[in-house]
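As they're listed, the protein sequences go chains A and B.
Here the first sequence is numbered in the working numbering, starting from 801 and rising by one per residue.
Here the second sequence is numbered in the working numbering, starting from 404 and rising by one per residue.
Ideal placement from N, C-alpha and C gives every residue a C-beta, glycine not left out.
These numbers were taken from a predicted model, which means no experiment stands behind them.
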Amino acid sequence: GDSVTQMEGPVTLSEEAFLTINCTYTATGYPSLFWYVQYPGEGLQLLLKATKADDKGSNKGFEATYRKETTSFHLEKGSVQVSDSAVYFCALSPWPDTGNQFYFGTGTSLTVIP
Amino acid sequence: ETGVTQTPRHLVMGMTNKKSLKCEQHLGHNAMYWYKQSAKKPLELMFVYNFKEQTENNSVPSRFSPECPNSSHLFLHLHTLQPEDSALYLCASSQEPGTAGNTIYFGEGSWLTVV
């Protein structure tokens, strides 16, 4: 079945460091891929998405490229800030056979220290 | 403003109480979801509704009772809960299954503490 695997955390970085959070997926068909961010005490917010191979999603300095050949959707940011401290979830929406499911990774906690 | 609004944000209830969580979406979606998020555990899908009809019940105990009166509103009725039910309950909505590029949007969650 479809699934998403993301790197275990927690991740701790200094401010202005480069961030990569790895995400790989297993899916049939043509899934859409997402990154969500959850700040402390809040729900999940959509950070970025890509709906087809080679698409790049970007938002707030974060980027991820949909790589079908490596079944990956790694999240990157060139220079993290303290305000980026949060939990990041990789997710997948299957297509065309969707059922009712969205598939989520287990989340990667990021802490950015000044 | 996420387009999905949940109330209350925080709820403390005793094991014999009855309470309800409410969710409303303003995105014109036809599918709504309840998820449970516990500390150190993956996100757990509880219920799914499409066009007001329940299409998934992920082996959730009967002390959780969902209600979907229309495509914009979703409730989770709670009764005789256990302390291990303490968690963040997330409501979400999306377009109906089969939609290419379907995206799920979450509310800010309701923090439930069972004492």
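Round the Cβ separation of residue i and residue j to the nearest angstrom and send it over; I've been treating them as touching at under 8 Å.
| i | j | result |
| --- | --- | --- |
| S496 of chain B | H413 of chain B | No, S496 of chain B and H413 of chain B are not in contact; Cβ-Cβ is about 22 Å, not under 8 Å. |
| F478 of chain B | S423 of chain B | 5 Å |
| Y436 of chain B | F450 of chain B | 7 Å |
Using 8 Å as the threshold, is the C-beta distance between residue i and residue j below it?
| i | j | result |
| --- | --- | --- |
| G809 of chain A | S909 of chain A | yes |
| T812 of chain A | S832 of chain A | no |
| V804 of chain A | A891 of chain A | yes |
| T824 of chain A | T871 of chain A | yes |
| E815 of chain A | V887 of chain A | no |
| G510 of chain B | V407 of chain B | yes |
| L844 of chain A | T506 of chain B | no |
| W895 of chain A | Y830 of chain A | yes |
In this structure, how does DSSP classify residue i when only helix, strand and coil are distinguished?
| i | result |
| --- | --- |
| V811 of chain A | strand |
| V837 of chain A | strand |
| S909 of chain A | strand |
| S885 of chain A | coil |
| R412 of chain B | coil |
| Y830 of chain A | coil |
| F818 of chain A | coil |
Please classify residue i as buried or exposed, where buried requires at least 16 other C-beta atoms within 10 Å of its C-beta.
| i | result |
| --- | --- |
| E456 of chain B | exposed |
| D931 of chain A | Residue 931 of chain A is absent from the structure shown; chain A starts at 801 and stops at 914. |
| G857 of chain A | buried |
| P500 of chain B | buried |
| A442 of chain B | exposed |
Continuous beta strand (DSSP E) assignments of at least 3 residues falling wholly in the region 463 to 517 of chain B: Counting whole runs of 3 or more residues, the region 463 to 517 of chain B contains the beta strand (DSSP E) stretches 467 to 473, 476 to 482, 490 to 497 and 513 to 517.
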